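One structure below.
Protein chains: 2
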Amino acid sequence: MSSTQGGAEPIAVVGSVAFDTLETPHGRADDELGGAATHFAVAASFFAPVALVAPIGDDFPQAALAYLAERGIDCTGLERRAGKTFRWHGRYHEDMNKRDTLHLDLGVFATFAPTVHEAIRRAPYLFLGNIDPVLQRSVLEQFASPRLVGLDTMNHWIAEARAPLEALLSRVDILVINDEEARELSGEDNIVRAARRILGYGARSIIVKRGEYGAILFSPESVFAVPAFPLERVFDPTGAGDTFAGGMMGHLAATGDVSHANLRRAIVYGTVLASFVVEDFGGRRMRTLDRDAIEQRYRQFVALTTF
Amino acid sequence: MSSTQGGAEPIAVVGSVAFDTLETPHGRADDELGGAATHFAVAASFFAPVALVAPIGDDFPQAALAYLAERGIDCTGLERRAGKTFRWHGRYHEDMNKRDTLHLDLGVFATFAPTVHEAIRRAPYLFLGNIDPVLQRSVLEQFASPRLVGLDTMNHWIAEARAPLEALLSRVDILVINDEEARELSGEDNIVRAARRILGYGARSIIVKRGEYGAILFSPESVFAVPAFPLERVFDPTGAGDTFAGGMMGHLAATGDVSHANLRRAIVYGTVLASFVVEDFGGRRMRTLDRDAIEQRYRQFVALTTF
Numbered sequence: 015m016s017s018t019q020g021g022a023e024p025i026a027v028v029g030s031v032a033f034d035t036l037e038t039p040h041g042r043a044d045d046e047l048g049g050a051a052t053h054f055a056v057a058a059s060f061f062a063p064v065a066l067v068a069p070i071g072d073d074f075p076q077a078a079l080a081y082l083a084e085r086g087i088d089c090t091g092l093e094r095r096a097g098k099t100f101r102w103h104g105r106y107h108e109d110m111n112k113r114d115t116l117h118l119d120l121g122v123f124a125t126f127a128p129t130v131h132e133a134i135r136r137a138p139y140l141f142l143g144n145i146d147p148v149l150q151r152s153v154l155e156q157f158a159s160p161r162l163v164g165l166d167t168m169n170h171w172i173a174e175a176r177a178p179l180e181a182l183l184s185r186v187d188i189l190v191i192n193d194e195e196a197r198e199l200s201g202e203d204n205i206v207r208a209a210r211r212i213l214g215y216g217a218r219s220i221i222v223k224r225g226e227y228g229a230i231l232f233s234p235e236s237v238f239a240v241p242a243f244p245l246e247r248v249f250d251p252t253g254a255g256d257t258f259a260g261g262m263m264g265h266l267a268a269t270g271d272v273s274h275a276n277l278r279r280a281i282v283y284g285t286v287l288a289s290f291v292v293e294d295f296g297g298r299r300m301r302t303l304d305r306d307a308i309e310q311r312y313r314q315f316v317a318l319t320t321f
Numbered sequence: 015m016s017s018t019q020g021g022a023e024p025i026a027v028v029g030s031v032a033f034d035t036l037e038t039p040h041g042r043a044d045d046e047l048g049g050a051a052t053h054f055a056v057a058a059s060f061f062a063p064v065a066l067v068a069p070i071g072d073d074f075p076q077a078a079l080a081y082l083a084e085r086g087i088d089c090t091g092l093e094r095r096a097g098k099t100f101r102w103h104g105r106y107h108e109d110m111n112k113r114d115t116l117h118l119d120l121g122v123f124a125t126f127a128p129t130v131h132e133a134i135r136r137a138p139y140l141f142l143g144n145i146d147p148v149l150q151r152s153v154l155e156q157f158a159s160p161r162l163v164g165l166d167t168m169n170h171w172i173a174e175a176r177a178p179l180e181a182l183l184s185r186v187d188i189l190v191i192n193d194e195e196a197r198e199l200s201g202e203d204n205i206v207r208a209a210r211r212i213l214g215y216g217a218r219s220i221i222v223k224r225g226e227y228g229a230i231l232f233s234p235e236s237v238f239a240v241p242a243f244p245l246e247r248v249f250d251p252t253g254a255g256d257t258f259a260g261g262m263m264g265h266l267a268a269t270g271d272v273s274h275a276n277l278r279r280a281i282v283y284g285t286v287l288a289s290f291v292v293e294d295f296g297g298r299r300m301r302t303l304d305r306d307a308i309e310q311r312y313r314q315f316v317a318l319t320t321f
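Respectively, the protein sequence lines represent chains Y and C. Here our numbering = 1-based position in the first sequence + 14. Here our numbering = 1-based position in the second sequence + 14.
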């Protein structure tokens, strides 16, 4: 099955594949297929061919591989190793902007040092998921000449690996981080000043994700802001940011157009995809999603924001 | 001096006129002309004739009256009484979404029971600022047949005067509240469900203000969301919500068009006006603002949100 657009260019994503146990005010789900790279890949697969580069343990079930393959995701970059797949157990508060990690077992992800297959190295779109910036750099250097490079990171790397992270930013087209990370990376409380400073580090553009409040794109010449799609129920926010990034990069790769105007539309697609994934536990909602539903909600988003 | 548009229809606003002592992370200002109705009236005065109905003490200075008159604001509804003008002293946290009231003296506002002049009662646009819902109702009943009624309230009245507040909502075209108030009024955490429930109480539409994150309009048939205008520095948030409401109602009255499409544009004008008032203490920034700067930022807002 292929649900991608004709002419779409391939995207490679490097990061984590995991099994998540999720507790939200709405209930609990055990051992849901998750991980940042998975959420990204599944979202992007609605738009373009995706190659997923991540480590999996010898416990990784065939059914999960079959699902990824069914979504047209190239799994040849999944490196199966002796040991366990990354596992995370999180519990969200009543205010689902807050969560606690109850258990974390990196498993085979702890020693991940990706060597990317030759075929995948030719992908013109590369998303460096949230891993050690030293590894992100090593992956980037394996790619011949990617047309567009996206990067995610987290507070841990900002605090512990600031030098390699900053050095990487000048090679990044789109940094995708949340508002708290933007503040920590820049040392600025105000999100506009934070973004200006991070642009000064060399990133060509920055998308600041603000959860239920939407996202802002900062580039040297322009700012673009979108609200989130208002939902009557956010069931489980897990994977929303990664799904946003996947939808966004997916649209760019699908159209082969990396102009600023198209990046704005890509951010709306990212917003739309994120609005679906939070409707059920983990990535469950994506299993029943199709391109028609995406386009319908994109049109609803236009109606939501037009004045 | 008149800076309003030709053909604009009059707006009446009822509420508080005050002097504020303001402490923010950026400094301190003493005895700034403030109060919700003042902020509303000044913002609306850039668009339409405004009549301000509020009590002032015998300490209210001529210079403040002169400023309001200079902005074209009809001050015949300012009821001067023996006693002090409402005074508030607030201190914002580093996170300026939080503030503490250090001192509050209602003065003549404590016994405010407005009787509106005949001339003002004919205003087709009426904004019922944040006062006791029983008084809001009494004011509303003094107006012959207002074309559009806006209403503000606060947590205090939601908790202490819920019955008269709910009864009032069926006579209100636009309820303007913040997200916390929407949650308290509805008993719903999720803002979409909160708004649906409040629409069920009878309000024709609800604008939920989300501070630095923008605003959402809910009406039975449509939802409209805007981000806030991103600013490098929020100097003092005092009056932002009231200024938003004033800009919004001002545009409606200026155009005489209360259609849903125009309400969306009005919300953008409200957003633009609010983005100015936070640039300096209290209402200082409004003293140097002009219509050209408003229109310029409106165009910037279009550029900010177009995709």
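Each residue gets a CB set at the ideal place from its N, CA and C atoms; glycine is no exception. Here the structure is a predicted model, which is why all the values come from computation and not from measurement.
CB contact check: residue i to chain C, cutoff 9 Å
i: Ser-17/Y; result: Caution is warranted here: a pLDDT of 47 is assigned to Ser-17/Y, below 50, making its placement in the model unreliable, and the coordinate value is therefore given only provisionally. Not an interface residue.
i: Ile-221/Y; result: no
i: Phe-321/Y; result: yes
i: Ala-217/Y; result: no
i: Gly-228/Y; result: yes
i: Thr-108/Y; result: The sequence as given places Glu at residue 108/Y; Thr does not occur at that position. Output row for Glu-108/Y: interface = yes.
i: Ala-239/Y; result: yes
i: Ser-233/Y; result: no
i: Arg-210/Y; result: yes
i: Ser-289/Y; result: no
i: Ser-358/Y; result: Here chain Y comprises residues numbered 15 to 321, so residue 358/Y is not present and cannot be evaluated.
Identity of the residue in the options nearest residue i by Cα
i: Phe-243/C; options: Val-28/Y, Ala-57/Y, Ser-273/Y, Phe-238/Y; result: Phe-238/Y
i: Ala-58/Y; options: Met-110/Y, Thr-319/Y, Val-316/Y, Ile-281/Y; result: Ile-281/Y
i: Val-291/Y; options: Arg-299/Y, Ile-212/Y, Gly-284/Y; result: Arg-299/Y
i: His-103/C; options: Asp-114/C, Glu-93/C, Asp-109/C; result: Asp-114/C
i: Asp-146/C; options: Val-272/C, Arg-247/C, Val-286/C, Ala-177/C; result: Ala-177/C
i: Phe-249/C; options: Glu-309/C, Arg-105/C, Val-163/C; result: Arg-105/C
i: Leu-189/C; options: Val-240/C, Phe-258/C, Gln-156/C, Ala-137/C; result: Phe-258/C
i: Ala-229/C; options: Arg-247/C, Glu-194/C, Ala-217/C; result: Glu-194/C
i: Ser-273/C; options: Gly-91/C, Thr-302/C, Glu-235/C, Leu-213/C; result: Glu-235/C
i: Asp-88/C; options: Gly-264/C, Val-64/C, Tyr-81/C; result: Val-64/C
i: Ala-127/C; options: Met-263/C, Tyr-283/C, Gly-29/C; result: Gly-29/C
i: Phe-232/Y; options: Pro-241/Y, Arg-218/Y, Leu-245/Y, Arg-224/Y; result: Arg-218/Y
i: Ala-77/Y; options: His-53/Y, Leu-92/Y, Leu-47/Y, Pro-241/Y; result: Leu-47/Y
i: Ile-221/C; options: Glu-174/C, Ala-268/C, Ala-267/C, Thr-167/C; result: Thr-167/C
Residues bridged to residue i (per DSSP)
i: Val-163/Y; result: Leu-140/Y
i: Ile-220/C; result: Leu-189/C, Phe-232/C
i: Trp-102/C; result: Asp-34/C, Leu-118/C
i: His-113/Y; result: Per the sequence shown, residue 113/Y should be read as Arg rather than His. In the DSSP output, where bridge partners are listed per residue, Arg-113/Y has Tyr-106/Y.
i: Val-64/Y; result: Ile-25/Y, Ile-87/Y
i: Pro-69/C; result: Glu-93/C
i: Arg-176/C; result: For Arg-176/C, which the question treats as bridged, DSSP gives no partner whatsoever.
i: Phe-258/C; result: According to DSSP, Phe-258/C bridges with nothing at all.
i: Leu-47/Y; result: Phe-33/Y
i: Gly-270/Y; result: DSSP output for Gly-270/Y lists no bridge partner at all.
i: Gly-42/C; result: The sequence shown places Arg at residue 42/C, not Gly. BP columns for Arg-42/C point to Glu-37/C.
i: Phe-238/C; result: Leu-231/C
Residue i: CB within 8 Å of a non-hydrogen atom of the ligand HEM
i: Arg-218/Y; result: What this structure holds is no ligand at all, so the ligand HEM is not there to describe.
Proximity test, Cβ basis, 9 Å: residue i and chain D
i: Tyr-81/C; result: In the structure shown, chain D does not exist; the protein chains are Y and C.
is_contact[residue i, chain Y] using C-beta, thresh 9 Å
i: Leu-318/C; result: yes
i: Asn-169/C; result: no
i: Asn-204/C; result: yes
i: Gln-310/C; result: no
i: Arg-298/C; result: no
i: Arg-224/C; result: yes
i: Arg-207/C; result: yes
*asked:* So if I threshold CB-CB distances at 9 Å, which residues from the segment 242-254 of chain C count as touching chain Y?
replied: Against chain Y - using a Cβ distance shorter than 9 Å - the residues of the segment 242-254 of chain C are Ala-242, Phe-243, Pro-244, Leu-245, Glu-246, Arg-247, Val-248.
*Report yes or no: do the segment 140-151 of chain Y and the segment 177-192 of chain Y share at least 3 C-beta pairs separated by less than 8 Å?*
Yes, the segment 140-151 of chain Y touches the segment 177-192 of chain Y.
_Three or more C-beta pairs below 8 Å linking the segment 248-257 of chain Y and the segment 22-38 of chain C_ = These segments do not touch.
*Quick one: which residues of the segment 22-49 of chain Y get their C-beta closer than 8 Å to a C-beta of chain C? List them in chain order.*
For the segment 22-49 of chain Y, there are no residues whose beta carbon sits under 8 Å from a beta carbon of chain C.
_Validate contact between the segment 66-75 of chain C and the segment 91-103 of chain C using beta carbons, cut 8 Å, 3 pairs_ = A contact exists between the segment 66-75 of chain C and the segment 91-103 of chain C.
*asked:* Closer than 8 Å is the cut-off here; do at least three beta carbon pairs connect the segment 293-312 of chain C with the segment 28-43 of chain C?
replied: Contact between the segment 293-312 of chain C and the segment 28-43 of chain C is present, because at least three Cβ pairs lie under 8 Å.
*Listed in chain order, which residues of the segment 269-286 of chain Y have Cβ atoms closer than 7 Å to some Cβ of chain C?*
Under the 7 Å Cβ criterion, the segment 269-286 of chain Y contributes Arg-278, Arg-279, Val-282.
*Are the segment 302-317 of chain Y and the segment 219-228 of chain Y touching by the rule of at least three beta carbon pairs closer than 8 Å?*
No, the segment 302-317 of chain Y does not touch the segment 219-228 of chain Y.
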